[in-house]
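Residue numbers (the working numbering): 1 to 325. Just so it is clear, CB atoms sit at the ideal spot from N, CA and C, and this is done for glycine as well. This structure is a prediction, so every number in the text was calculated from the model and none was measured. This report concerns only the one structure given below.
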């Protein structure tokens, strides 16, 4: 019976790009047309490696004295020989190879999974997002209601979300071969919904608890949500090297938070405390105890006394702080 050795050429994502069926006890790989497997890789030697069986019958890849050498899958050290088991990858030049014989066992076929329809979920998420945004704008109304004040922001939000998902779908098409627009739109809508709920929580929480810092550092939560959404898009793009992708996203998140913190710390002294109350709220929402009238006017008198002292200290000698009757 003829001995058959299969040589699989893999992409950088470790997907099979081509399979070569080679007959015989030995297979030679390189750029030369005399080889059994010819590779179009300028970093591969004309006669780069040979594949054969050792005394125990195991497949072995051996370097034929190439300039760039033979490497393991992620190794950086040149190897003279590599013992192959059907799963271990080797690299020559910029090309990844996997060697298997005809008796290699493959996994059973996958069962057809029922096609999950995302559109009902997408419609529900979109309705929730638009409903929250419309309700927020309505609660902030202080004048006569006009439809265009709601239409333009909601339309802009719809276009932004669709465009965001479309960009990731294009990237997924380029790098993964599938657009997956529905799944990217699902991630985008989930992120927008989480953003809207978090924003409402901050708005009501800052007023209810009289906690200005909740608004001051709201950007931390917003940037974290953005980082999570981007990581989910990257995972959808290709579910490989997730630790590396997560690390990159975490580093960028830390840089963004640091830059925002530095920028905000320089201008925070000029903020009016009332600017943190972004929308009028009903008194029933407030949980923090209300300051009594007596305490309020006592604070006013204390501030007034301090201002009077500062004004007198700032006046030059002999000047009067006001006209005498």
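Please name the residue in 254, 234, 253, 255 whose C-alpha comes closest to that of residue 245.
-> It is 234 whose Cα lies nearest to the Cα of residue 245.
Helix, strand or coil for residue 3, going by three-state DSSP, please let me know.
-> coil
Residue 237 and residue 172 closer than 7 Å at C-beta | Yes; because the gap between Cβ atoms is below 7 Å, this pair is in contact.
To which residues does DSSP link residue 20 through a beta bridge?
-> 7
Going along the chain, which residues of its own chain have a beta-carbon closer than 7 Å to the beta-carbon of residue 407, five neighbours each way excluded?
-> Because the chain is modelled from 1 through 325, residue 407 falls outside the range shown and cannot be assessed.
For the candidate residues 161, 311, 45, whose alpha-carbon lies nearest to that of residue 92?
-> 45
For the region 65 to 133, which segments carrying the beta strand (DSSP E) assignment without a break, of at least 3 residues, lie completely within its bounds, in sequence order?
-> 70 to 72, 81 to 83, 89 to 92, 95 to 101
Which residue from 129, 182, 11 puts its Cα closest to that of residue 119?
-> Cα-wise, what sits closest to residue 119 is 182.
Could you please give the first and the last residue of the uninterrupted alpha helix (DSSP H) stretch that includes residue 163?
-> 147 to 176
In terms of alpha-carbon separation, which member of 60, 260, 154, 199 lies closest to residue 130?
-> 154
When the Cβ atoms of the region 186 to 195 are set against those of the region 22 to 41, are three or more pairs found closer than 8 Å?
-> no
Residue 308, DSSP secondary structure in three states = helix
Skipping 5 residues on each side, what residues in its chain have a beta carbon closer than 6 Å to that of residue 42?
-> none
Reducing DSSP to helix, strand and coil, say where residue 208 ends up.
-> helix
Cβ contact (3+ pairs, closer than 8 Å) linking the region 56 to 64 and the region 31 to 41 | Result no; under three Cβ-Cβ pairs closer than 8 Å.
Those residues which DSSP pairs with residue 51 across a bridge = 27, 61
When burial is assigned at 16 or more other CB atoms within 10 Å of the CB, is residue 170 buried or exposed?
-> Exposed is the call here.
Within 10 angstroms of its Cβ, does residue 148 collect 16 or more other Cβ (buried), or is it exposed?
-> exposed
Own chain, CB closer than 8 Å to residue 134, minus 5 neighbours either side, in chain order = 150, 154
Go ahead and label residue 203 buried or exposed: buried means 16 or more other beta carbons lie within 10 angstroms of its beta carbon, across all protein chains shown.
-> Taking all protein chains shown into account, residue 203 has 16 or more neighbouring C-beta atoms within 10 Å of its C-beta and is therefore buried.
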